[in-house]
Each structure stands twice: as C-alpha cells, then as structure tokens.
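*Asks:* Once you've had a glance at the structure underneath, I'll fire off some questions.
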Amino acid sequence: MNKGRAWLLAYGVLTVVHLVTIAIGETWSQLITKVLLMPVLAVWVRLNRGPTTLLVALVASLAGDFLLQVDQLLPGMAAFGVAHVCYLMLFVHRARRRSLLVVAVYAVVWLGALVLLWSGLGDIRFPVALYSLLVTATAVTSAWNGWRPGLGGALFLISDGLIGAGLAGHGFAGRDYLVMATYCIAQYLLASSLLRGDRR
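See the structure below:
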C-alpha cells in the first residue's frame with residue numbers, strides 16, 4: 001500500500017477538483033476530471049499489485065462514469081453492474097464472518113428505498129431494482145470483511161441511492177455533489193481494503 005503514493009495523492013486532488021467543477025457547473029471539466037478518477041486509482045492499485053478482479057471493477061466503473069456523464073443511463077448501469085459483480089467475487093471469497101443481521105438490515109434498506117422510489121421510476125423500475133440489488137449485495141459482503149470495506153460499501157449504496165432519488169424526481173440542491181463525494185470515498189475504501197486484506 002506504500003507504493004505509488006503520488007498516484008493516490010493525485011486521486012485525492014482529482015476528487016477535490018471534480019467536486020469544485022460540480023459546484024461551479026463547469027460541464028467539460030466535470031467530464032474530464034470524472035473520467036480520470038478511476039484510471040488514476042487503478043494505477044495505484046496496479047503499483048501495489050492489487051488483484052486483477054479489482055482492476056476490472058475499476059475499469060468497469062470508468063465506463064460507467066463516462067456513460068452516466070453523457071446520459072446513457074442503462075449502459076452505465078450495466079457497466080457498474082459488472083463492477084459490483086467483481087466486488088462481490090472479491091468480498092465473498094475473503095469473508096470470514098457472514099452475518100445474517102447485516103443481510104437483514106440491508107434487505108430492509110433495499111426494500112424501503114424501492115417502495116419510496118418505485119412510483120417515480122417509470123419504465124426503468126426493474127433495471128433499477130436489479131442494479132440496486134447488486135449494489136446492496138456489495139454493501140453486505142463488504143461489511144462481512146470489516147469496517148473499512150463495510151463503510152465503502154455503505155457509501156457506494158448511498159451514492160447510488162441519491163442517483164435513484166433524482167431519477168424518481170426527488171432531486172435537491174447539492175445532490176450531484178454528494179453523489180460524487182460519497183462515490184469517490186467509497187471506491188478508495190473498497191480498493192484500499194482489498195489491497196490491505198482488511199477483515200477488521
């Protein structure tokens with residue numbers, strides 16, 4: 001985890017710059033900084049000999065970032081779906097304790113969110129339901145691996161939940177900012193925990 005610190009610092013700087021571009025509404029800068037985030041994080045992972053499956057997750061996330069930024073919702077969801085399948089493979093394999101309580105809590109969260117948003121999702125209800133199930137599964141399995149990945153999984157779920165709220169017509173000021181802030185932190189926590197092998 002000590003290799004390539006400059007790349008990790010670059011990821012942090014890019015995250016801050018991207019959040020600033022959201023705040024000032026600079027569209028092209030948002031796109032450029034957004035599509036640079038995951039490649040920079042992936043270089044850091046590669047330098048630290050991270051698992052190939054994690055690199056695939058980050059590449060799929062890059063594709064999802066770009067597709068969502070250019071308003072290609074369903075292809076973007078599919079790309080992120082691939083990323084979450086990769087995370088599931090990694091976290092299920094590494095889990096030592098598989099708590100049914102965690103499953104129950106997140107099941108309630110998933111069902112509750114769907115009930116609240118269902119009427120506003122229209123034709124994308126079922127794709128959103130399926131994708132959100134994958135994200136929730138990532139949250140569950142990451143929590144089985146300790147607090148660090150668990151926090152990452154929870155933040156990823158919050159980020160996508162905020163996107164879902166917007167799709168259902170429940171947007172609010174600062175939502176885009178919160179979406180990306182939670183997302184960037186989540187990706188770092190998930191990736192770094194897989195490099196560390198955290199199970200704390």
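Mind the numbering: the sequence shown is residues 1 to 200 in full-length UniProt numbering, read in order. Beta carbons: idealized from backbone N, C-alpha and C, even for Gly.
#1: Which residues in the same chain have their Cβ closer than 7 Å to the Cβ of Leu130, if we skip the five residues on either side of it in sequence?
#2: Note down, in chain order, each residue of its chain lying with its Cβ closer than 8 Å to the Cβ of Ile22, except the 5 sequence neighbours on either side.
#3: Leaving aside the five residues before and after Gln69 along the sequence, list all residues of the same chain whose C-beta is less than 6 Å from its C-beta, in chain order.
#4: Near Arg98, which residues of its chain fall below 6 Å by C-beta distance, leaving aside the five closest residues on each side in sequence?
#5: Can you confirm whether the stretch 84-99 touches the stretch 109-128 when touching is taken to mean that 3 or more C-beta pairs between the two stretches lie within less than 8 Å?
#6: Please classify Gly76: is it buried, with 16 or more other beta-carbons within 10 angstroms of its beta-carbon, or exposed?
#7: If you scan the stretch 140-183 from start to end, which runs of the alpha helix (DSSP H) of 4 or more residues do you find wholly inside it?
#8: If we call anything under 8 Å between Cβ atoms a contact, is Gly174 one with Ala165?
#9: What is the DSSP secondary structure of Lys3, counted as helix, strand or coil?
#10: Could you tell me the distance, in whole angstroms, from the CA atom of Leu58 to the CA atom of Ser119?
#11: In angstroms, rounded to a whole number, what distance separates the CA positions of Arg148 and Leu162?
*Replies:* The answer reads as follows:
#1: none
#2: Gln30, Asp176, Tyr177, Met180
#3: Leu31, Lys34
#4: Trp144
#5: no
#6: buried
#7: 147-167
#8: no
#9: coil
#10: 32 Å
#11: 21 Å
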